[in-house]
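Trainee:
Chains as they are written, first to last, in the numbering used here: chain Y, 7 to 168; chain E, 7 to 168.
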């Protein structure tokens with residue numbers, strides 16, 4: 007089973023693909039889709055969707071998981087981010103993948119063991135748990151791998167479609 | 007010049023296509039994409055995108071205009087709506103259309119003459135201004151025609167991409 011994890015940001019959308027078999031999980035590929043800040047929103051949505059379409063074509067994942075971004079402190083940026091997240095979910099859904107959604111606390115608990123771990127801890131654990139060599143930068147990439155890992159563990163209990 | 011107006015709702019997305027030539031504006035077509043409330047978000051995004059792709063194929067508009075939904079009172083529903091709006095903007099942008107964004111006050115001012123007109127007033131004026139015979143129901147349809155009309159009048163001054 008291949009899982010695509012997606013972490014949407016307003017300037018970078020991270021993705022990570024993992025292979026989950028029984029209790030084993032390993033990273034298959036990861037990267038970042040960078041969106042120039044000066045582009046108009048509609049154009050940025052196209053760049054994210056085009057980038058994810060490439061990832062879907064290259065890695066053929068079976069399911070997708072995406073982090074919930076509802077609880078952001080800045081409502082305006084959360085609102086813009088929700089557009090990007092909508093475009094990302096649409097790409098995965100149109101490729102026939104079910105899309106599961108997890109809160110940051112669920113992702114952190116699953117990877118680090120407690121819900122308020124910091125991003126550095128998540129990154130270190132992701133590297134160990136998924137056997138990643140080398141750097142995972144920017145953090146959007148380790149967050150994407152983390153949500154894929156979370157889905158591998160919680161997929162039967164995971165909230166769908168949020 | 008053909009303009010596609012889009013009004014996104016969580017259960018209904020209205021669309022309206024108008025032809026603008028000089029100072030003349032007339033309705034070419036309109037309708038509503040209905041989304042069953044019990045569907046998962048990713049599936050609802052697909053339905054909106056598929057519906058708009060059909061509209062784009064049928065009417066071949068040159069530009070798109072969409073109402074801003076930032077100022078909703080309920081942050082959770084505005085957040086969900088932003089996903090739908092992202093999917094709608096993506097459909098238009100991928101078809102090569104520039105996508106302009108207008109606030110509700112801009113749309114109402116343009117159609118009725120003042121920014122806090124009610125939806126019934128907008129509907130009555132849209133029918134007169136665009137020569138629409140018969141009913142415009144649900145209100146999402148008259149709102150979609152209204153944002154297309156607004157764009158026809160303000161397109162040089164309109165804020166892009168918001």
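Idealized CB from N, CA, C, for every residue including glycine. Just so we're clear, the structure is a prediction, and the values are computed from it rather than from any experiment.
Does the beta carbon of residue 92 of chain Y sit closer than 8 Å to a beta carbon anywhere in chain E?
Mentor: As a working mapping, residue 92 of chain Y is identified with position 86 in the first chain. Chain E contact via Cβ: present.
Trainee: Can you tell which of E:14, E:65, E:55, E:117 has the C-alpha that lies nearest to the C-alpha of residue 7 of chain E?
Mentor: Stepping through the second chain from its first residue, residue 7 of chain E is reached at position 1. Comparing Cα-Cα distances from residue 7 of chain E to each of E:14, E:65, E:55, E:117, the minimum goes to E:65.
Trainee: Have a look at residue 1 of chain E and residue 154 of chain Y and give me their C-alpha separation to the nearest angstrom.
Mentor: The structure shown has nothing for residue 1 of chain E, since chain E only spans 7 to 168.
Trainee: At 7 Å on the CB atoms, spell out the chain Y contacts of residue 105 of chain E, in chain order.
Mentor: Taking the second chain and counting its residues from 1, the one referred to as residue 105 of chain E is at position 99. Here the neighbours are 48.
Trainee: Taking CB distances under 8 Å as the criterion, tell me whether residue 52 of chain Y reaches chain E.
Mentor: Walking along the first chain from the start, residue 52 of chain Y turns up at place 46. Yes, contact with chain E.
Trainee: Does the region 10-27 of chain Y touch the region 141-161 of chain Y, meaning 3 or more C-beta pairs lie closer than 8 Å?
Mentor: yes
Trainee: Alpha carbons only, please: which of E:38, E:91, E:59, E:158 is nearest the one belonging to residue 47 of chain E?
Mentor: Locating residue 47 of chain E in the second chain gives position 41, where the first residue counts as 1. Taking each of E:38, E:91, E:59, E:158 in turn and checking the Cα distance to residue 47 of chain E, the smallest one comes out for E:91.
Trainee: Leaving out the 5 sequence neighbours to the left and right, which residues in its chain are closer than 6 Å to residue 61 of chain Y when beta-carbon positions are compared?
Mentor: Numbered from 1 along the first chain, position 55 holds the residue referred to as residue 61 of chain Y. So the list reads 21, once near-sequence residues are dropped.
Trainee: What is the rounded straight-line gap between the Cα of residue 24 of chain E and the Cα of residue 109 of chain Y?
Mentor: Numbered from its first residue, the second chain carries residue 24 of chain E at position 18. Numbered from its first residue, the first chain carries residue 109 of chain Y at position 103. Near 42 Å, if we compare the C-alpha coordinates of residue 109 of chain Y and residue 24 of chain E.
Trainee: Looking only at its own chain, which residues have a Cβ that is under 8 Å from the Cβ of residue 45 of chain Y, when we skip the five neighbours before and after it?
Mentor: Translated into the one-based positions of the first chain, residue 45 of chain Y becomes position 39. Excluding positions up to five away in sequence, the list reads 53.
Trainee: Quick one: what does DSSP say residue 103 of chain E is sitting in, helix, strand or coil?
Mentor: What you label residue 103 of chain E is simply residue 97 of the second chain in a count that begins at 1. Assigned with DSSP and collapsed to three states, residue 103 of chain E falls in coil, not helix or strand.
Trainee: Go ahead and label residue 29 of chain E buried or exposed: buried means 16 or more other beta carbons lie within 10 angstroms of its beta carbon, across all protein chains shown.
Mentor: To locate residue 29 of chain E, count along the second chain from 1; it is residue 23. The residue in question, residue 29 of chain E, is exposed, as its Cβ has fewer than 16 Cβ neighbours within 10 Å.
Trainee: Compare the C-beta of residue 26 of chain Y with all C-beta atoms of chain E and state if any pair is closer than 8 Å.
Mentor: Mapped onto the first chain, residue 26 of chain Y falls at position 20. By this cut-off, residue 26 of chain Y is not an interface position.
Trainee: When DSSP labels each residue in this structure, what does residue 64 of chain Y get in the three-state scheme?
Mentor: Position 58 of the first chain holds residue 64 of chain Y. DSSP places residue 64 of chain Y within a helical segment (H, G or I) once states are collapsed to three.
Trainee: Need the endpoints of the alpha helix (DSSP H) that residue 111 of chain E sits in, please.
Mentor: As a position in the second chain, residue 111 of chain E is number 105, starting the count at 1. For residue 111 of chain E, the enclosing alpha helix (DSSP H) starts and ends at 110-118.
Trainee: Tell me the residue span of the beta strand (DSSP E) that contains residue 33 of chain Y.
Mentor: Translated into the one-based positions of the first chain, residue 33 of chain Y becomes position 27. Start and end: 30-40.
Trainee: Does the separation of the CB atoms of residue 58 of chain Y and residue 93 of chain E fall below 8 Å?
Mentor: The residue you call residue 58 of chain Y lines up with position 52 of the first chain. The residue you call residue 93 of chain E lines up with position 87 of the second chain. Result no, Cβ atoms of residue 58 of chain Y and residue 93 of chain E do not sit closer than 8 Å.
Trainee: Going by the C-beta, is residue 105 of chain E closer than 7 Å to any heavy atom of the ligand SAH?
Mentor: Although the ligand SAH was asked about, the structure shown includes no ligands whatsoever.
Trainee: By the three-class DSSP mapping on this structure, what secondary structure does residue 74 of chain Y have?
Mentor: The residue given as residue 74 of chain Y occupies position 68 in the first chain. In this structure, residue 74 of chain Y counts as coil in the three-state DSSP scheme.
Trainee: Hey, residue 70 of chain E and residue 105 of chain E: beta-carbon distance below 8 Å or not?
Mentor: For this step, residue 70 of chain E is matched to residue 64 along the second chain. For this step, residue 105 of chain E is matched to residue 99 along the second chain. For residue 70 of chain E and residue 105 of chain E, yes; Cβs fall inside 8 Å.
Trainee: For chain Y, check one thing: does any of its Cβ atoms lie closer than 8 Å to the Cβ of residue 42 of chain E?
Mentor: For the purposes of this step, residue 42 of chain E is taken as the residue at position 36 of the second chain. No, no contact with chain Y.
Trainee: Output yes or no for whether 8 Å exceeds the beta carbon distance between residue 103 of chain Y and residue 74 of chain Y.
Mentor: As a working mapping, residue 103 of chain Y is identified with position 97 in the first chain. As a working mapping, residue 74 of chain Y is identified with position 68 in the first chain. Contact flag unset, no.
Trainee: So what does residue 121 of chain E bridge to, in DSSP terms?
Mentor: The residue given as residue 121 of chain E occupies position 115 in the second chain. None; residue 121 of chain E has no bridge partner.
Trainee: Helix or strand or just coil, what does DSSP make of residue 137 of chain E?
Mentor: For the purposes of this step, residue 137 of chain E is identified with residue 131 of the second chain, where counting begins at 1. DSSP places residue 137 of chain E in coil when its eight states are reduced to three.
Trainee: For residue 83 of chain E, does the count of other Cβ atoms within 10 angstroms reach 16, so buried, or fall short, so exposed?
Mentor: In the second chain, counting from the first residue as 1, residue 83 of chain E sits at position 77. With fewer than 16 other Cβ atoms from the protein chains shown falling within 10 Å of its own Cβ, residue 83 of chain E counts as exposed.
Trainee: Do you know offhand how far residue 118 of chain Y's Cα is from residue 72 of chain E's?
Mentor: Against the first chain, residue 118 of chain Y aligns to sequence position 112. Against the second chain, residue 72 of chain E aligns to sequence position 66. Roughly 42 Å between the two C-alpha positions.
Trainee: Pull up the DSSP beta-bridge partners for residue 12 of chain E, would you.
Mentor: Reading the second chain from its first residue, position 6 is the one you call residue 12 of chain E. DSSP, once it has assigned bridges, lists E:21, E:72 as partnering residue 12 of chain E.
Trainee: Do you know offhand how far residue 126 of chain E's Cα is from residue 42 of chain E's?
Mentor: Against the second chain, residue 126 of chain E aligns to sequence position 120. Against the second chain, residue 42 of chain E aligns to sequence position 36. Near 25 Å, if we compare the C-alpha coordinates of residue 42 of chain E and residue 126 of chain E.
Trainee: Between residue 2 of chain Y and chain E, is the shortest Cβ-Cβ distance under 8 Å, so that the two count as touching?
Mentor: Here chain Y comprises residues numbered 7 to 168, so residue 2 of chain Y is not present and cannot be evaluated.
Trainee: Quick check on DSSP: helix, strand or coil for residue 49 of chain E?
Mentor: Taking the first residue of the second chain as 1, we reach residue 49 of chain E at position 43. In the structure shown, residue 49 of chain E sits in a helix (DSSP, three-state: H, G or I).
Trainee: Exposed or buried, which one is residue 121 of chain Y when buried takes at least 16 other CB atoms within 10 Å?
Mentor: For the purposes of this step, residue 121 of chain Y is taken as residue 115 along the first chain, with counting starting at 1. With fewer than 16 Cβ atoms within 10 Å of its Cβ, residue 121 of chain Y is classed as exposed.
Trainee: Assuming residue 43 of chain Y is part of the alpha helix (DSSP H), what are its boundary residues?
Mentor: One-based indexing of the first chain puts residue 43 of chain Y at position 37. For residue 43 of chain Y, there is no enclosing alpha helix (DSSP H), as DSSP marks it with neither H nor E.
Trainee: Please list, in chain order, all residues of the same chain as residue 145 of chain E whose beta carbon is under 6 Å from its beta carbon, the five residues on each side excluded.
Mentor: Residue numbering aside, residue 145 of chain E sits at position 139 when the second chain is read from its first letter. Around residue 145 of chain E, the same chain offers 125 as residues with beta carbons nearer than 6 Å, after the five sequence neighbours per side are excluded.
Trainee: I want to verify the contact list: residues of chain E whose CB lies under 8 Å from the CB of residue 100 of chain Y, in sequence order.
Mentor: Counting from 1 along the first chain, the entry for residue 100 of chain Y is found at position 94. The contacting residues are 52, 55.
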